[in-house]
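Position in the sequence shown (first residue = 1) + 4 = the numbering used here. Cβ atoms here follow ideal geometry from the backbone N, Cα and C, with glycine treated the same way. I have placed the structure first, in the form of C-alpha cells, so that the comments after it can refer back to it.
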Amino acid sequence: FIRGEFTREAKRLQAAIDECYADGILGKDVLGLGKNFELDVTVITGAGAYICGEETGLISAQEGGRAYPKIKPPFPAVEGFFRSPTVVNNVETIANVGPIFSRGVEWFTAIGPDFCPGPKLYCLSGQLKNIGYHEGPMGLKLKDLIYSDEYGGGVIGGELKAVIPGGSSMPLVVPKAGVDPRSDSEDNPINLQMDFDSCKAAGTFLGSAGVIVMNEQTCMVNALYNLARFYHHESCGQCTPCREGTGWLEKILHRIEFGHGHAGDLELLENVAWQMERKTICMLADSIVMPVQSYMKHFRPEFEHHIEHRTCMTGTPAGKFVNPAELVGV
Numbered sequence: 005f006i007r008g009e010f011t012r013e014a015k016r017l018q019a020a021i022d023e024c025y026a027d028g029i030l031g032k033d034v035l036g037l038g039k040n041f042e043l044d045v046t047v048i049t050g051a052g053a054y055i056c057g058e059e060t061g062l063i064s065a066q067e068g069g070r071a072y073p074k075i076k077p078p079f080p081a082v083e084g085f086f087r088s089p090t091v092v093n094n095v096e097t098i099a100n101v102g103p104i105f106s107r108g109v110e111w112f113t114a115i116g117p118d119f120c121p122g123p124k125l126y127c128l129s130g131q132l133k134n135i136g137y138h139e140g141p142m143g144l145k146l147k148d149l150i151y152s153d154e155y156g157g158g159v160i161g162g163e164l165k166a167v168i169p170g171g172s173s174m175p176l177v178v179p180k181a182g183v184d185p186r187s188d189s190e191d192n193p194i195n196l197q198m199d200f201d202s203c204k205a206a207g208t209f210l211g212s213a214g215v216i217v218m219n220e221q222t223c224m225v226n227a228l229y230n231l232a233r234f235y236h237h238e239s240c241g242q243c244t245p246c247r248e249g250t251g252w253l254e255k256i257l258h259r260i261e262f263g264h265g266h267a268g269d270l271e272l273l274e275n276v277a278w279q280m281e282r283k284t285i286c287m288l289a290d291s292i293v294m295p296v297q298s299y300m301k302h303f304r305p306e307f308e309h310h311i312e313h314r315t316c317m318t319g320t321p322a323g324k325f326v327n328p329a330e331l332v333g334v
C-alpha cells in the first residue's frame, strides 16, 4: 500500500516487482526449488488519506471501502484483511528484513542501545541547516541530531525554542532556561536519548522520529493552528469527538491567530481537547490533543499575548506566516 500522491515511487516499486516475477523470485514455484511455494506482491495505491497510516484504516481501504479505522480487538493479526489474519508493517521495518537475513541478528542488535537496538531513520525538518532524512543508530541524542554537522548542522535564524521529537502529534521538548541545549548535562532536556523508553520517560514519544525544530522566532500560535488545520482536514469523520472536536480546535485557534481571540478561548480550547481525549476508535483525535496540551503547558503566555494584543510575542503581526528562509536571508 502506497500513498496516492507518490506516483513516481509507485511506478518504481511496480517495476521492481515485475523484475522479481521475471527472475522467478516471486510467483509460483519461487526460485524453481520445487517446493510448491508461491509468493505474490501487489501494489495498491491510496487516495492520499492520512488516516491510512492507521493499520485498520489501511485495511479498510485495501478492501475497497472507506478508510475507516476499526475497533480493536480483534487485532489485525487475528482478524484483518477480509477477516483473515493480517500483519501490517511499515516500509522502514520491511527495509530492515533483508540486511538482518544477510548480515545476521548479531549485526542488528550491535547497533544502538541493548534494550532498543537497530538503525533508525530520522527525518529532520524545521529551522535546521541540514534538513532531510538521516540514518543513524537508535538512541542518538537529540542534541546531536540538531547540532552535529553529521546530522542537523545546527539551528538557523535564532536560538532553539522547541523541538517536536517524533512527528507533529508528539508533545514538545523545550530547552531549560540557563542550560545550554548543546551540553551533556542531565538537566538539559535536549540531551535526550532518542529511543522509545527514554522519550516516554521524558513525557513525549519517539513516534516516527520526525524531528521538527523551531527557533526563537517561531510563533507557537501559528504552529499549533497549522497542526489543528491539518488534523481537522484529515479526520475521517467516523467518530463524533474527532470530527467535531478537530473543527472546534481549528476555529478557536484561527480566531486567536488572526487577531480575533477573546477571554475564555484558551479554557475552551483545553476543554474541547479534554472532551476528545481517548474517546475515539483510533488515535487521530489524540494526535492533536497532545500538542494542544503541550503547547498550553510550555507557551501559554504567547497565546495570552495573541489574544490581548492581537499580535505575536515574536513581533509577527497576527495571522502573518513567516517563511523560515526569510529569517536567515536566503
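* Taking one C-beta from the stretch 106-123 and one from the stretch 169-183 each time, how about it: are there three or more such pairs within less than 8 angstroms? -> no
ask   = Alpha carbon to alpha carbon, what distance is there between Y54 and M198?
value = 25 angstroms
Checklist line | According to DSSP, residues forming a beta bridge with M218 | finding: A166
Practice task
Within the same chain, show all residues whose beta-carbon is closer than 8 angstroms to that of E67, passing over the 5 residues directly before and after it, in chain order.
Solution key: F85 and F86
Are K204 and D191 closer than 8 angstroms when you measure CB to CB? no
Look up I132 in the DSSP assignment and give the residues it is bridged to.
The identity of residue 132 in the sequence shown is Leu, whereas the question assumes Ile. Paired residues: V159.
Would you report the Cα separation of N94 and G57, rounded to the nearest angstrom? 9 angstroms
Between the C-alpha atoms of V177 and V34, what's the straight-line distance to the nearest angstrom?
-> 49 angstroms
ask   = What do you get for V82, buried or exposed, if any count of 16 or more other CB atoms within 10 angstroms of its CB means buried?
value = exposed
> Start and end of the alpha helix (DSSP H) containing A227?
Replying inline: M224 to E238
Check: Taking DSSP as the reference, what is the three-state secondary structure of P123?
Finding: strand
Quick one: is P305 buried, meaning 16 or more other Cβ sit within 10 Å of its Cβ, or exposed? exposed
Practice task
Tell me whether D290 is buried or exposed, calling it buried when 16 or more other Cβ atoms sit within 10 Å of its Cβ.
Solution key: buried
Margin query: So if DSSP puts P89 in a beta bridge, which residue, or which two residues, is it bridged to?
Written below: BP columns for P89 are empty, so no partner.
*asked:* Given a cut-off of 8 angstroms on the beta-carbon distance, is the pair V217 and I285 in contact?
replied: no
Margin query: Rounding to the nearest angstrom, what Cα-Cα distance links L253 and G241 in this structure?
Written below: 15 angstroms
**Study point:** V101 (DSSP reduced to helix, strand or coil)
**Key:** helix
- [ ] Round the Cβ separation of S202 and N195 to the nearest angstrom and send it over; I've been treating them as touching at under 8 angstroms.
- [x] About 10 angstroms separates the two Cβ atoms, so there is no contact after all.
- Item | Element boundaries [alpha helix (DSSP H), containing I285] | I285 -> no alpha helix (DSSP H), and no H or E assigned at all.
Can T250 and I292 be called in contact, C-beta distance under 8 angstroms? yes
inquiry  = My assumption, with CB atoms under 8 angstroms, is that L62 sits in contact with V92. Please give the rounded CB distance.
reply    = 7 angstroms
| request: Rounded to whole angstroms, what's the CA-CA distance from T49 to T315? Just pull it up for me. | output: 43 angstroms
Next on the checklist: Check for me: the alpha helix (DSSP H) holding Q66 runs from which residue to which?
Outcome noted: E59 to Q66
- prompt: Are the Cβ atoms of Y126 and G140 separated by less than 8 angstroms?
  reply: yes
Exercise. Could you spell out the range, first to last residue, of the alpha helix (DSSP H) harbouring M142?
Key: Taken as a continuous stretch (DSSP letters only), M142 belongs to no alpha helix (DSSP H), as it is neither H nor E.
Which first and last residues belong to the alpha helix (DSSP H) in which A14 is found?
T11 to A26
Hey, how far is the Cα of E163 from the Cα of L273? 29 angstroms
L336 - DSSP class collapsed to helix/strand/coil: Only positions 5 to 334 of the chain appear in this structure, which leaves residue 336 out of reach.
Notebook entry, point to check: How many angstroms separate the CA atom of N219 from the CA atom of V183?
Noted result: 16 angstroms
- Task: Using DSSP bridges, identify the partner residues of G31.
- Result: L43
Determine the contact status of G157 and K133, defining contact as a CB-CB distance below 8 angstroms.
yes
* Beta-carbon contacts of G207 that lie in its chain and below 7 angstroms, excluding the five residues immediately before and after -> P175
**For Y229 and S129, the rounded distance between their alpha carbons** = 18 angstroms
Exercise for the section: Please classify A227: is it buried, with 16 or more other beta-carbons within 10 angstroms of its beta-carbon, or exposed? Expected result: buried
### Message
For a cutoff of 8 angstroms on Cβ pairs, would you count F86 as touching chain D?
### Response
In the structure shown, chain D does not exist; there is a single protein chain.
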